[in-house]
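Asker: Numbering (full-length UniProt numbering), first residue to last: 1 to 82.
Even for Gly, the Cβ is constructed at its ideal location relative to N, Cα and C.
This is the structure, below, for whatever I ask next.
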């Protein structure tokens, strides 16, 4: 079963508990949160991006100012660490 590292739906909808009860594990489907944890969306939505063409997994509403700042902070930390 899968989930998104940046999306806690599996905890809210009972999937996590069901997987545990069935002896199944959960793995991260999208370790970069559909591209959010890259610098691709920090300066707007590119015309050729997933957000611009397909909103099934990633929607523009996910690009809140708070989330963008978190991503910038993570990118800065990653750059510092090399």
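What did DSSP end up calling residue 3 once you bin it into helix, strand or coil?
Answerer: Residue confidence is low: residue 3 scores 44 on pLDDT, short of 50, so the model does not pin down where it sits. Its coordinate-derived value is still stated next. Note: residue 3 maps to strand in three-state DSSP.
Asker: Compare the Cα-Cα distances from residue 44 to each of 56, 64, 54 and 21 and report the closest residue.
Answerer: Comparing Cα-Cα distances from residue 44 to each of 56, 64, 54 and 21, the minimum goes to 64.
Asker: Please check the pair residue 26 and residue 19, which I expect to be a contact at CB under 8 Å, by giving their CB distance rounded to whole angstroms.
Answerer: Sure, about 5 Å apart at Cβ, within 8 Å.
Asker: Measure the Cβ-Cβ separation of residue 58 and residue 51 and say whether it is below 7 Å.
Answerer: Yes.
Asker: Grouping DSSP H, G and I as helix and E and B as strand, with all else coil, what is residue 10?
Answerer: Residue 10: helix per DSSP, three-state reduction.
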